[in-house]
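K.L.:
Residue numbers (our numbering), protein chains in the order written: chain A, 1 to 422; chain R, 1001 to 1263. Note that CB positions come from ideal geometry on N, CA and C, so glycine has one too. For reference, the structure I am asking about is given below.
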Amino acid sequence: MEKKDIIQSFKDSLFTGLIALALFGPIVGLRTVSKGEGLFITPQWGVVFLLVGLCILGRFLININSARRKEFKIFSTLSSKFSSITEDKAKHFAITGILFAVVFPFLPFTDRYFMDVAIMILTYIMLGWGLNIVVGLAGLLDLGYVAFYAVGAYSYALIATTFGWSFWICLPLAGVFAAFFGILLGFPVLRLRGDYLAIVTLGFGEIIRIILINWYEVTNGPDGITGIPRPSFFGLPFKRSPDEGETSFHLFFNLEYSTMHRIIFLYYLILVLALITNYFTLKIRKLPVGRAWEALREDEIACKSLGVNPTNTKLTAFAIGAMFGGFAGSFFATRQAFISPESFTFIESAIIVAIVVLGGMGSQTGVVLASIFLIGITEMFRDLEQFRMIAFGGAMVLIMVFKPKGILANRKPTILMHGDKK
Amino acid sequence: MSNLLSVENLTMKFGGLTAIDDLSFDAKNNQITSIIGPNGAGKTTVFNCLTGFYKPTNGQMFLHKEDSKISLRKYTDFKIAYVAKVARTFQNIRLFPAMSVLENLLVAQHNELMVASGYSLFGLLNLKTYRDKEKLAVDKARYWLDIIGLTHRADDNAGDLPYGDQRKLEIVRAMCIEPRLLCLDEPAAGLNPKESAELNKLLKFIKTEKQTGILLIEHDMSVVMGISDHVVVLNYGKKIFEGTADQTKNSKEVIEAYLGVDE
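Given below as structure tokens:
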């Protein structure tokens, strides 16, 4: 390394230190402490200088370390190898994944916490697959997807608490309601594309949330809805001591009572719902309507010139995407037994969009990987409390740096003339 | 030969700008009618009016069927292709680049396949009626791909094809909707002489074998003069000449306005 290079990298690291100072100065340096009457600022410049020093040193080491490029290359070839493996053996990969998901609750290390995380990841996978229809296939950037999730959850909660209908009747109803709202959103945004569409859908998501907060008579406002019925195992409730004339799950199968039964049942429920979503999407992608969605994403004007009705095509995409969001919503409601507008904020939409985009638009396996990666990492760092969002952001940055088109970006044609050539 | 399309007193104004001024012409069945003229003469605007992308300020456009005639004004955007069976291609190619060549041709058969799939219901149930229809659609695609010699690339992405092949693919994609009138907007732009000779062959084939009327906008005179049965010359939105290719070549107005004089 020449002297010039060293000076150059030294300058660069000093500049990095300047940026670090600007960031850490106010964030870390000025700490507010409440003493008695008011809030006082306690400066802690020592920590700031330590952090800035670390940044300068780190940057300098990175700069002079010429092996850096090589290391990064290894990482990116690894990641591209990984995606080529999963693409070649997509079927095997999928089957292994499903098998693993099926036996997961009975693995020795699986405990309550793992199950909860797995259920959460599966919920996001299902939402991601649902949104994939709208964003990945039809190319309509929907930033308000959580609205349909909310509609599904509230439909289930309201119907189940008011009429006492069972989960299995409420589930399709919730899907229908959500699909209806999908069409409702679809109409005004038919002419919009890109950024404008994103803004309007974002607004729609907020409108639904604000209605839920303010329509107190129906939705119980910010207090939310409590006492949502839990799902039963085909009529057998998961209760320690069933009501008169009822048999509960553990008595029927002669098992020791355990709260895990219900968790495992919920796990399989969301697994089945998610797999139905996946199967449906894979199927419909190969049908004319699926191809029309993708064609619409590619070029709307060309679609019109070929006689494809863009209105119907977009509305079906919105409706079907929303329907799966509604299913996931009613699952969420029955799992939590309590819902409030708090659960349906914009950050949820953002996470789902992030999962779809980072997974690789339109890729079903990509959604799974991105969900596990994003949600899993956020969970792993739960001990860091609010700083775990840094891990979330970090995960996003990593994917964007090494896989700018998403984890699995390759698209397979929906129909082949010459068959699979290997 | 019978009339296929008659344009009557077509006028299109964008605010104060008159892009097309009182234009009337006819196009006949099984003929290639070319529209030529300098840049900005309003050629593409005529196409956009015909294919429903613009609503003309004034005037009528009729498509003749055996005895009846339908007014194209009544149909807007996708219905022009769906109901009136007028297909078009674009000046800057508009394929679906991330979809395969075969898929491009299947999207063009969307409406028939949609009905065959029972609006997706039969398709989801994987009924035989739908599978058979899909096979027919693939056969039709193969027929056209054989003609332009791209069958071996059917499963590749359309965006990966060379430019000339993309042009041809766009034309046969438009043919997959079985149009009665095919409007081609500068199909020879950017093609080398060999490719434009192939294009001529393809257009002649469509004209004679498929009984489709062709409306052509083109700057490449080797294409225009080689295959046109009828030429309409526009300048500043007005028709300045109409006649056969030979008449056009020798017309004083056309030479002055557009073709220019050989040094």
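#1: Count the other C-beta atoms from every protein chain shown that fall within 10 angstroms of the C-beta of A/PHE109, then say buried if there are 16 or more, exposed otherwise.
#2: Quick one: which chain R residues come within Cβ less than 7 Å of A/ALA292?
#3: Between A/ILE228 and A/ALA157, which are expected to be in contact by the criterion C-beta below 8 Å, what is the C-beta distance as a whole number of angstroms?
#4: Compare the C-beta of R/ILE1081 with all C-beta atoms of chain A and state if any pair is closer than 7 Å.
#5: Comparing alpha-carbon positions, which option in A/TRP165, A/HIS250, A/GLN336 lies nearest A/HIS261?
#6: Please report the distance separating the alpha-carbon of R/ASP1022 from that of R/VAL1233.
#7: Mind listing, in chain order, the continuous alpha helix (DSSP H) runs of no fewer than 4 residues lying wholly within the region 306–362 of chain A?
#8: Return the Cβ separation of R/LYS1029 and R/GLY1213 in integer angstroms, given the expectation that the two are a contact with Cβ distance under 8 Å.
#9: Determine the contact status of R/THR1011 and R/GLY1059, defining contact as a CB-CB distance below 7 Å.
#10: Can you give me the C-alpha to C-alpha distance between A/THR365 and A/ARG411, rounded to a whole angstrom?
#11: Report the rounded CA-to-CA distance for A/SER166 versus A/PRO231, giving the unit in angstroms.
#12: Measuring CB atoms only, is the region 291–303 of chain A touching the region 1096–1110 of chain R, in the sense that at least three cross pairs come out at less than 8 Å?
#13: When you compare the CB of R/PHE1122 with every CB in chain A, is at least one pair closer than 7 Å?
#14: Measuring alpha carbon to alpha carbon, tell me which residue in A/LEU192, A/LEU30, A/THR334, A/ILE7 is nearest A/THR42.
#15: Note down, in chain order, each residue of its chain lying with its Cβ closer than 8 Å to the Cβ of R/LYS1239, except the 5 sequence neighbours on either side.
#16: Three-state secondary structure (DSSP) at A/ALA395?
#17: Just to confirm the assignment, what range does the beta strand (DSSP E) spanning R/ILE1036 have?
#18: Could you compute how far the alpha carbon of A/VAL47 sits from the alpha carbon of A/ILE351?
#19: Report back the beta-carbon spacing between R/ALA1116 and A/GLY307 to the nearest angstrom; my notes put them in contact at under 8 Å.
#20: Taking DSSP as the reference, what is the three-state secondary structure of R/HIS1219?
#21: Which word fits A/GLU348, buried or exposed, when buried means at least 16 other C-beta atoms lie within 10 angstroms of its C-beta?
#22: Would you verify that the beta carbon of A/GLY307 is, or is not, closer than 7 Å to some beta carbon of chain R?
#23: Taking a contact to mean a Cβ-Cβ separation below 7 Å, would you say A/VAL356 touches A/VAL135 in this structure?
#24: When DSSP labels each residue in this structure, what does A/ALA67 get in the three-state scheme?
#25: With a Cβ-Cβ cutoff of 7 Å, do A/SER340 and A/ILE121 count as a contact?
#26: Is the CB of R/ILE1177 under 7 Å away from at least one CB in chain A?
#27: Between R/ASP1160 and chain A, is any beta-carbon pair separated by less than 7 Å?
#28: Which of the three DSSP states is assigned to A/SER13 in this structure?
#29: Which residues, in order along the region 272–298 of chain A, keep a beta-carbon less than 7 Å from a beta-carbon of chain R?
#30: Taking the alpha-carbon positions, what's the A/ILE407 to R/TYR1119 distance?
#31: Please determine, among R/ILE1032, R/PHE1062, R/ILE1020, the residue with the shortest C-alpha to C-alpha distance to R/CYS1183.
#32: Run through the region 1177–1238 of chain R for me and flag every whole beta strand (DSSP E) of 3 or more residues, listed as ranges in chain order.
#33: Given a cut-off of 7 Å on the beta-carbon distance, is the pair A/LEU192 and A/PHE204 in contact?
#34: Under a Cβ-count criterion, where at least 16 other Cβ atoms within 10 Å of its own Cβ denotes burial, should R/THR1244 be classed as buried or exposed?
#35: Which of the three DSSP states, helix, strand or coil, is assigned to R/SER1024?
#36: Less than 7 Å separating the beta-carbons of A/GLU300 and A/PRO288?
P.N.:
Judging by the given coordinates:
#1: exposed
#2: VAL1107, HIS1110
#3: 5 Å
#4: Correcting the residue type first, residue 1081 of chain R is Ala in the shown sequence and not Ile. R/ALA1081 counts as touching chain A.
#5: A/HIS250
#6: 14 Å
#7: 310–336, 346–359
#8: The sequence shown places Asn at residue 1029 of chain R, not Lys. Right, the Cβ-Cβ distance comes to about 5 Å (below 8 Å), so this counts as a contact.
#9: yes
#10: 11 Å
#11: 7 Å
#12: yes
#13: no
#14: A/LEU30
#15: LEU1023, SER1024, PHE1025, VAL1232, VAL1233
#16: helix
#17: 1032–1036
#18: 33 Å
#19: R/ALA1116 to A/GLY307, Cβ: 15 Å. No contact.
#20: coil
#21: buried
#22: yes
#23: yes
#24: Residue placement at A/ALA67 is flagged as unreliable, the pLDDT there being 46, under the threshold of 50; a coordinate-derived value is accordingly withheld.
#25: no
#26: yes
#27: no
#28: helix
#29: LYS283, ILE284, LEU287, PRO288, VAL289, ARG291, ALA292, GLU294, ALA295, GLU298
#30: 33 Å
#31: R/ILE1032
#32: 1181–1185, 1213–1217, 1230–1235
#33: no
#34: exposed
#35: strand
#36: no
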